[in-house]
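Those letters in the sequence shown? Residues 3 to 96, by my numbering.
Virtual Cβ for every residue (Gly too), placed ideally from N, Cα, C.
Scroll down for the structure; my scribbles are underneath it.
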Amino acid sequence: MLAAESEVQVDNEQVRVTEWRLAPNSATGHHTHGMDYVIVPVVGGEMTIVAPDGERSKAQLAAGKSYFRKAGVQHDVLNETATEIVFLEVELKS
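Pasting the structure below:
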């Protein structure tokens, strides 16, 4: 798998906003979220989520349909489709 691309757009005392781009056959790499966060899909698509125990699930993204997760989530995010996935990750620092 290729490495996903990320670009921090905002990083201040309150939030960190990162744009993530997952080309086909790319992944974020296994990670643990240290802060509560909101995902804002820029384009629709389907992500494959891999839990630490290897369990796989699919997550459907719809452009502009945000979702929230608490700190502590551990996973790898893969793009196993033929189209690029793009989303903003808004991490809440306070």
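Item, Value
"Contact belief for LEU80 with MET37 at Cβ below 8 angstroms, rounded distance in angstroms", "In fact, because the Cβ distance is near 22 angstroms, the residues do not count as touching under 8 angstroms."
"According to DSSP, residues forming a beta bridge with MET1", "This structure leaves residue 1 out entirely; the chain is present only between 3 and 96."
"Cβ shell of LEU63 (< 6 angstroms), same chain only, five flanking positions each side left out", "PRO43, GLY46 and GLY47"
"N- and C-terminal bounds of the beta strand (DSSP E) containing ASP13", "7-13"
"Delimiting residues of the beta strand (DSSP E) encompassing ASP55", "Looking at the DSSP string, ASP55 is not in any beta strand (DSSP E), and its letter there is neither H nor E."
"Sub-7 angstroms separation of LEU4 and ILE87 beta-carbons", "no"
"Residue burial classification, TYR69 (beta-carbon count within 10 angstroms, cutoff 16)", "exposed"
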